[in-house]
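Let me begin by presenting the structure, written as structure tokens, before commenting on it.
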Amino acid sequence: KDSMFEYELIENIVQEVEKRLPSRYNIFLSFSESTQYSFTNYLCDALDQEGFKTFRRDIICGENVPYQSSEAMAKSKLSIIIFCENYANSMSRLDELVTILDSMKKNNQLVWPIFYKVEPTNIRHQKMSYAEAMTEHEKNLKNDLNANEKVKKWKSALFEVANLKGWHLKFG
């Protein structure tokens, strides 16, 4: 049953991308490893089949070619953020989110969130696993002079992106 909902969601996303990006612009995917071999992979394949050049962390979909994430983010017309339960566990992924948000503001890049089996309010207000991740990052950065600024940027980026229009795939 979940896979049917996922399939329909992916189909809707691809249709929306085709409407909003008339040419086959680059798309950047930001995601957690927990969705890498399932939802993210299916979405990447679907976009690739429609002729979009889709980048995901360290590879170009369909080509298995390494690239620089920052370069791919800058060249992309659209970034799709696939939020899930453990998205905020990685500091580098949160840095990536801040970079994507900056690109949205400076370059008019489109940013679409997908809430994959996670409630947007948990991301927006850093509740549950998102609160735990922030607490853990604060502990790990206790000797970093810029820790407060980093965490503040991450929380702000999570709040802003979670308030954008996107898709929500709920549990079961």
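So the sequence shown is residues 1 to 172, counted in full-length UniProt numbering.
In this text, a Cβ means the ideal position worked out from N, Cα and C, and glycines have one as well.
Where residue i falls, given that 16 or more other Cβ within 10 Å makes a residue buried
| i | result |
| --- | --- |
| N122 | buried |
| R20 | exposed |
| Q15 | exposed |
| F115 | buried |
| A131 | exposed |
| L101 | buried |
| N156 | Per the sequence presented here, residue 156 reads as Ser, with Asn not at that position. Counting Cβ neighbours within 10 Å, S156 comes out exposed, since fewer than 16 surround it. |
| T135 | exposed |
| S92 | exposed |
| S70 | exposed |
| Y37 | exposed |
| F52 | buried |
| L145 | exposed |
| Y7 | exposed |
Sequence-distant residues of its chain with Cβ nearer than 8 Å to residue i (five each side left out)
| i | result |
| --- | --- |
| E18 | E50 |
| residue 189 | What is shown of the chain runs 1 to 172, which leaves residue 189 out entirely. |
| S34 | C84, E85 and N86 |
Beta-carbon contacts of residue i that lie in its chain and below 7 Å, excluding the five residues immediately before and after
| i | result |
| --- | --- |
| T40 | L29, F31, R56 and I82 |
| Q126 | M134, K155 and L158 |
| H137 | M91 and V151 |
| residue 175 | Nothing about residue 175 can be read from this structure; the chain reaches only from 1 to 172. |
| F5 | L169 |
Integer Cβ distance of residue i from residue j, believed to fall under 8 Å
| i | j | result |
| --- | --- | --- |
| Y25 | L78 | 7 Å |
| K105 | K170 | 30 Å between Cβ atoms; not a contact. |
Simplified DSSP state of residue i, which is helix, strand or coil
| i | result |
| --- | --- |
| N163 | coil |
| N143 | coil |
| L21 | coil |
| K1 | For K1, the predicted model reports a pLDDT of 48, less than 50, meaning its position is unreliable; a value from the coordinates is still stated below. The answer is coil: DSSP assigns K1 none of H, G, I, E or B. |
Beta-carbon proximity list for residue i, same chain, < 6 Å, skipping 5 on both sides
| i | result |
| --- | --- |
| N163 | none |
| I80 | L29 and W112 |
| W154 | L94 |
| L43 | I10 |
| P120 | A162 |
| A72 | F28 and F55 |
**Asked** Considering only residues of the segment 62-128, which uninterrupted alpha helix (DSSP H) runs meet the minimum length of 4 residues and lie entirely inside it, listed in chain order?
**Response** You should have 69-75, 91-107 and 120-124.
**Request:** Please specify which runs of the alpha helix (DSSP H), each continuous and at least 4 residues long, are wholly inside the segment 28-55, giving them in chain order.
**Result:** List check, alpha helix (DSSP H) in window: 33-36 and 39-49.
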